[in-house]
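Worksheet for the structure shown next.
In our numbering, the protein residues as written are 38 to 138.
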């Protein structure tokens, strides 16, 4: 059942325009495949494809919960998670690009 879902998701993935035109991956390349891996229970593969997947999921969860429940320092927590996401995305991008040099 999970493999059927995985195959179905992959048929509708949006190709990276940056990679098609310039031949270089962008900072978001791998995010869709990583979400498919998370949905199918392949958590290590999701991290390998796009390391920021779990910090993005955490950020989205905090934003969703904060939409219904207001708590102290929510703004600072969201800003901190956004900064953490940016750092993880940029660092993992440079690590990925150094493999091709």
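All C-beta atoms, glycine included, are put in the ideal place defined by N, C-alpha and C.
Are the beta-carbon atoms belonging to residue 68 and residue 49 less than 7 Å from one another? no
Straight-line gap, residue 61 to residue 55 (C-alpha atoms, nearest Å): 7 Å
The segment 113 to 131 / the segment 84 to 104 touching (three or more Cβ pairs under 8 Å): yes
Kindly indicate which three-state DSSP category residue 136 falls into: helix, strand or coil? coil
Rounded to the nearest angstrom, what separates residue 136 and residue 58 at their Cα positions? 21 Å
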